[in-house]
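Peer 1:
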Amino acid sequence: MGMHPFFYQVIAMNYNFFAPQQICFGWGRFQETGDLAASLGTRAFIINGSRSLESSGVIEELRQLLSRASIKSEFIRTISNEPEVSDVDQTTNLLRHWGAGAGDFLIGIGGGSGIDLAKAASAMITNQESDTVLDYLEGVGRGLKLTESPLPLLAIPTTAGTGSEATKNAVISSYAPPFKKSLRAEEMIPDIVLCDPQLACSVPPEITARTGMDAITQLLESYISCRAQPIPQALCLQGLKLAIPALPEAVENGNSRRGREAMAHAALLSGIALANSGLGMAHGVAPALGIHCKISHGLACAMMLPATLQANLSVRQQEYGEIYRFLYPDQTLSVEQAAESLITEIQQLNDRIHIPRRLSEVGVSQAQIPDLVASSRGNSMSGNPRQIPDGELTQILESLL
């Protein structure tokens with residue numbers, strides 16, 4: 040019997056795997072918040088990452104659900120931008136003002152910004168060697184380590200995008216000086232993830248598109264990363280099979296239960312994958328586009344994804360072929376054709392959901408490219424399956440202008 044022409048190349052079987060201890064997923068399960076939260080403590084500090092959750096009454100409902108479970112709650116703040124050093128420090132000071140400690144826990148609800156702020160604050164309130172999160176971030180500040188366990192955290196994602204509910208880091212920005220770096224520790228993975236896809240129904244089409252492409256970028260980059268792992272690769276395949284058809288549906292019909300469920304699940308899988316496998320060039324450049332050009336993270340990832348796939352084609356053709364054939368088992372294409380088809384598919388998806396193709400359309404200028412290249416050398420870029428030297432990255436970015 041000959042070998043099947045299509046079989047998975049299994050990576051060396053030697054890995055660690057991290058994931059949230061408890062994931063509660065399902066339409067309408069927001070109603071279970073009180074029971075879930077009761078296992079974490081008796082007083083909740085709520086950090087919200089979406090103004091619309093406040094105006095639509097979701098935050099008020101959250102507090103009522105907690106109250107019914109005899110949990111006191113304090114609504115600390117809403118953040119509508121990606122968290123900056125000052126946001127983390129102010130939030131930590133607020134928690135200190137409230138005497139946050141044993142018996143207390145945090146709830147991060149919203150998109151990646153709200154959940155990241157909650158994760159960072161839960162760690163900073165128990166680690167008091169420095170007053171500022173700056174000193175604990177990777178590659179800037181004093182390089183302090185988080186030595187104390189963070190306060191417990193319940194993550195309630197509402198945007199189906201970043202997967203922050205399942206990762207062990209929080210991304211913190213600064214504009215003067217410009218950087219975007221991670222606060223990272225394994226203990227920062229949220230204790231409980233409550234993922235109710237119904238909460239995403241109020242997310243507008245543009246944000247649905249951008250956050251959804253962030254998840255798809257994470258699924259693809261984790262699959263092909265030089266640190267790729269077997270469990271995350273299996274999760275990535277399922278996530279992509281769900282997300283690629285579901286994203287246009289969720290963008291075009293925000294109340295689509297099928298679309299929202301598939302995207303929420305895919306985003307969660309993307310977070311678990313990246314926490315274990317790392318990312319690549321798109322996520323390397325995205326923070327640079329954020330700090331120098333104020334481009335939102337999801338949009339930056341979406342715009343960089345086709346170029347990233349193209350740049351890695353020479354070393355990941357086999358993997359692209361695997362992904363494409365998993366998505367479309369009826370197609371009888373060669374590996375080369377399947378790999379090219381995957382890149383085309385992603386570009387067409389971007390076009391359909393109105394992601395601009397050219398960086399100049401979102402305000403990037405030729406003069407900014409040297410800064411973008413210099414700021415792209417973070418943890419994510421080191422996961423890219425091959426080295427992208429500065430000269431090549433410069434050419435890639437110039438070709439996207």
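Each residue of the sequence shown is one higher than the last, beginning at 40 in my numbering.
By construction, the Cβ of each residue, glycine as well, lies at the ideal position given by its N, Cα and C atoms.
Quick check: is the beta carbon of E113 nearer than 8 Å to any beta carbon in chain D?
Peer 2: Note that chain D does not occur in the displayed structure, where there is just one protein chain.
Peer 1: So for Y447, helix, strand or coil by DSSP?
Peer 2: In the structure displayed, the chain extends from 40 to 440; residue 447 sits before or after that span and is not available.
Peer 1: Per DSSP, V232 forms a beta bridge with which residues?
Peer 2: As a position in the sequence shown, residue 232 is number 193, starting the count at 1. For V232, which the question treats as bridged, DSSP gives the partners I62 and A194.
Peer 1: Using C-beta distances below 7 Å, list every residue in its chain close to M40, excluding the 5 sequence neighbours before and after it, in chain order.
Peer 2: By one-based count along the sequence shown, residue 40 stands at place 1. Note that M40 scores a pLDDT of 43, beneath 50, so its modelled location is shaky; the value from the coordinates is reported in the next line. Same-chain partners within the cutoff: there are none.
Peer 1: Mapping DSSP to helix, strand and coil, what is T165?
Peer 2: The residue you call residue 165 lines up with position 126 of the sequence shown. If DSSP states are grouped into helix, strand and coil, T165 belongs with coil.
Peer 1: What residue from S112, N87 and A239 has the CA that sits closest to L79's CA?
Peer 2: The sequence position of residue 79 within the sequence shown is 40, counting from 1. L79 has its Cα closest to that of S112, out of S112, N87 and A239.
Peer 1: Using the Cβ count rule (16 or more neighbours within 10 Å means buried), how would you classify Y214?
Peer 2: In the sequence shown, counting from the first residue as 1, residue 214 sits at position 175. So Y214 ends up on the exposed side.
Peer 1: Three-state secondary structure (DSSP) at D143?
Peer 2: As a working mapping, residue 143 is identified with position 104 in the sequence shown. In the three-state scheme derived from DSSP, where H, G and I count as helix and E and B as strand, D143 is classed as strand.
Peer 1: When we look at the beta-carbon of G310 and count the other beta-carbons within 10 Å, is it buried (16 or more) or exposed?
Peer 2: For the purposes of this step, residue 310 is taken as the residue at position 271 of the sequence shown. It is buried - the Cβ of G310 has at least 16 other Cβ atoms within 10 Å.
Peer 1: Between Y359 and L381, which are expected to be in contact by the criterion C-beta below 8 Å, what is the C-beta distance as a whole number of angstroms?
Peer 2: Here the question's residue 359 lines up with position 320 in the sequence shown. Here the question's residue 381 lines up with position 342 in the sequence shown. Indeed they touch by this definition, with Cβ atoms about 5 Å apart.
Peer 1: At what residue ranges does the region 296-336 contain a whole run of the alpha helix (DSSP H), taking only runs of 4 or more?
Peer 2: 296-316 and 320-332
Peer 1: Can you give me the Cβ contacts of C240 inside the same chain, cut-off strictly under 8 Å, excluding the 5 residues immediately before and after it?
Peer 2: As a first step, residue 240 is located in the sequence shown; it is residue number 201 there, counting from the start. Leaving aside the five residues that flank C240 on each side, the residues in its chain whose CB is nearer than 8 Å to its CB run, in chain order, G293, N294 and R299.
Peer 1: Using CA atoms only, rank isn't needed, just tell me which of E177, L279 and D410 is closest to A325.
Peer 2: Reading the sequence shown from its first residue, position 286 is the one you call residue 325. A325 has its Cα closest to that of D410, out of E177, L279 and D410.
Peer 1: Just to confirm, is the Cβ distance from L318 to S419 under 8 Å?
Peer 2: Residue mapping note: residue 318 aligns to position 279 of the sequence shown, counting from 1. Residue mapping note: residue 419 aligns to position 380 of the sequence shown, counting from 1. Yes, the pair counts as a contact, with Cβ atoms nearer than the cut-off.
Peer 1: Among P395, T201 and E100, whose alpha-carbon lies nearest the alpha-carbon of L313?
Peer 2: Here residue 313 corresponds to residue number 274 of the sequence shown, with the count starting at 1. Nearest option by C-alpha distance: T201.
Peer 1: Cutting at 6 Å between CB atoms, please list the residues of its own chain near A248, excluding the five before and the five after it.
Peer 2: Against the sequence shown, residue 248 aligns to sequence position 209. Same-chain partners within the cutoff: V290 and I392.
Peer 1: Taking only three categories from DSSP, how would you classify P217?
Peer 2: Taking the first residue of the sequence shown as 1, we reach residue 217 at position 178. Strand, per DSSP.
Peer 1: Check L222 in the structure and name its three-state DSSP category.
Peer 2: Taking the sequence shown and counting its residues from 1, the one referred to as residue 222 is at position 183. Three-state DSSP puts L222 in a strand.
Peer 1: If we count the other Cβ atoms within 10 Å of its Cβ and call it buried at 16 or more, is G422 buried or exposed?
Peer 2: Locating residue 422 in the sequence shown gives position 383, where the first residue counts as 1. With 16 or more other Cβ atoms inside 10 Å of its own Cβ, G422 counts as buried.
Peer 1: If I measure Cβ to Cβ from T165 and keep anything under 7 Å in the same chain, skipping five residues before and after, which residues do I get?
Peer 2: Working through the sequence shown from its first residue, we reach residue 165 at position 126. E187, S188, P189 and L190.
Peer 1: DSSP beta-bridge partners for F84?
Peer 2: Along the sequence shown, one-based indexing puts residue 84 at 45. Looking at the DSSP assignment, F84 forms a beta bridge with E113 and L145.
Peer 1: Pick from T117, S119 and Q277: whose alpha carbon is nearest that of F470?
Peer 2: Any answer about residue 470 is impossible in this case: the structure gives the chain only from 40 up to 440.
Peer 1: Look up N208 in the DSSP assignment and give the residues it is bridged to.
Peer 2: On the sequence shown, residue 208 is found 169 positions in, with the first residue counted as 1. Residue pairing by DSSP places N208 opposite R223 in a beta bridge.
Peer 1: Please name the residue or residues paired with E121 in a DSSP beta bridge.
Peer 2: Residue mapping note: residue 121 aligns to position 82 of the sequence shown, counting from 1. BP columns for E121 are empty, so no partner.
Peer 1: I need the boundaries of the alpha helix (DSSP H) containing P284, first residue and last residue.
Peer 2: Residue 284 sits at position 245 when you count from the first residue of the sequence shown. First-last of the alpha helix (DSSP H) with P284: P269 to E291.
Peer 1: Which one of A406, L307 and P424 has the shortest CA to CA distance from L352?
Peer 2: Here the question's residue 352 lines up with position 313 in the sequence shown. Looking at the Cα atoms, P424 is the closest of the given residues.
Peer 1: Is the distance from the Cβ of A282 to the Cβ of I263 below 8 Å?
Peer 2: Taking the first residue of the sequence shown as 1, we reach residue 282 at position 243. Taking the first residue of the sequence shown as 1, we reach residue 263 at position 224. For A282 and I263, no; Cβs fall outside 8 Å.
Peer 1: Count the other C-beta atoms from every protein chain shown that fall within 10 angstroms of the C-beta of M42, then say buried if there are 16 or more, exposed otherwise.
Peer 2: Within the sequence shown, numbered from 1, the residue matching residue 42 stands at position 3. Low confidence applies here, because M42 scores a pLDDT of 44, under 50, leaving its location unreliable; read the following figure in that light. Exposed, because fewer than 16 other Cβ atoms sit within 10 Å of the Cβ of M42.
Peer 1: My understanding is that A108 touches A139, with C-beta atoms under 8 Å, so please give their C-beta distance in whole angstroms.
Peer 2: Within the sequence shown, numbered from 1, the residue matching residue 108 stands at position 69. Within the sequence shown, numbered from 1, the residue matching residue 139 stands at position 100. At roughly 19 Å, the Cβ-Cβ gap does not stay under 8 Å, so A108 and A139 are not in contact.
Peer 1: I need the DSSP call for P345, collapsed to helix, strand or coil.
Peer 2: Indexing the sequence shown from 1 puts residue 345 at position 306. Three-state result, P345: helix.
Peer 1: Do G96 and I118 count as a contact pair if the criterion is CB distance below 8 Å?
Peer 2: What you label residue 118 is simply residue 79 of the sequence shown in a count that begins at 1. What you label residue 96 is simply residue 57 of the sequence shown in a count that begins at 1. Contact flag unset, no.
Peer 1: Is the separation between the beta-carbon of A159 and that of V172 shorter than 8 Å?
Peer 2: Numbered from 1 along the sequence shown, position 120 holds the residue referred to as residue 159. Numbered from 1 along the sequence shown, position 133 holds the residue referred to as residue 172. Contact flag set, yes.
Peer 1: When the Cα of G150 is compared with those of E177, M163 and V210, which residue comes out closest?
Peer 2: Along the sequence shown, read from residue 1 onward, the residue named residue 150 stands at position 111. When each option's Cα is compared against that of G150, the closest is V210.
Peer 1: From which residue to which residue does the alpha helix (DSSP H) around G430 run?
Peer 2: The count along the sequence shown starts at 1 and reaches residue 430 at position 391. Run containing G430: D429 to S438, per the alpha helix (DSSP H) assignment.
Peer 1: Between F64 and N315, is the Cβ-Cβ spacing less than 8 Å?
Peer 2: Within the sequence shown, numbered from 1, the residue matching residue 64 stands at position 25. Within the sequence shown, numbered from 1, the residue matching residue 315 stands at position 276. Not closer than 8 Å, so no.
Peer 1: Sorted by chain position, which residues of the same chain lie with C-beta nearer than 6 Å to D235's C-beta, five sequence neighbours on each side aside?
Peer 2: The residue you call residue 235 lines up with position 196 of the sequence shown. So the list reads R68 and F69, once near-sequence residues are dropped.
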